[in-house]
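These notes are about the structure you will find just below.
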């Protein structure tokens, strides 16, 4: 039997640092320390050849539990729905009106950070409420 593998989630984007910092706010993640020998990430970036500057950025779970998020610059923009998305579990364990109110409050905070609201799905006989959103570059995610 194989062991559990560590993994990172990679986002293609136009502005890696901007999108990474958005997700730091959403998830409570942090920017990792700059590489050894550099006081800041800006110092590290300036040390690279011009064509490699601002090509990527990352953020990590400060508890070490969640996966690393990696953001890489790509030339093309997003054109279709994501095949994989993140569920931000802001309402875990809550049901009914309490869940919906908690999700809506989180949605309001994320709208202030530049996210977009796509769809609010209200609980029915089979599913609890969730809110579909997009990050600052249009990547879909759900508040669940």
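Numbering (our numbering), first residue to last: 11 to 154. Yeah, the Cβ is synthetic: ideal placement off N, Cα and C, and Gly gets one too. The structure presented is a predicted model; accordingly, all values stated were derived computationally and were not measured.
I'd like the span of the beta strand (DSSP E) that includes residue i, first residue to last.
| i | result |
| --- | --- |
| residue 64 | Per DSSP, residue 64 belongs to no beta strand (DSSP E) and is neither H nor E. |
| residue 22 | 18 to 23 |
| residue 150 | 150 to 153 |
| residue 142 | 140 to 144 |
Using alpha carbons as the reference points, say which of the options lies closest to residue i.
| i | options | result |
| --- | --- | --- |
| residue 24 | 53, 89, 16, 75 | 89 |
| residue 113 | 85, 19, 143, 81 | 143 |
| residue 93 | 15, 21, 17, 131 | 21 |
| residue 74 | 17, 149, 134, 145 | 17 |
| residue 69 | 85, 58, 118, 44 | 44 |
| residue 132 | 42, 34, 101, 32 | 101 |
| residue 137 | 77, 110, 149 | 110 |
Taking buried to mean at least 16 other C-beta atoms within 10 Å of its own C-beta, is residue i buried or exposed?
| i | result |
| --- | --- |
| residue 61 | exposed |
| residue 103 | exposed |
| residue 40 | exposed |
Contact check, residue i vs residue j under 8 angstroms by CB: the rounded distance?
| i | j | result |
| --- | --- | --- |
| residue 36 | residue 121 | Incorrect: roughly 12 angstroms between the Cβ atoms, too far for contact. |
| residue 67 | residue 48 | About 14 angstroms separates the two Cβ atoms, so there is no contact after all. |
Start and end of the alpha helix (DSSP H) containing residue i?
| i | result |
| --- | --- |
| residue 35 | 26 to 37 |
| residue 57 | 51 to 57 |
**Q.** Inside the stretch 63 to 138 only - alpha helix (DSSP H) runs reaching at least 4 residues
**A.** 106 to 122
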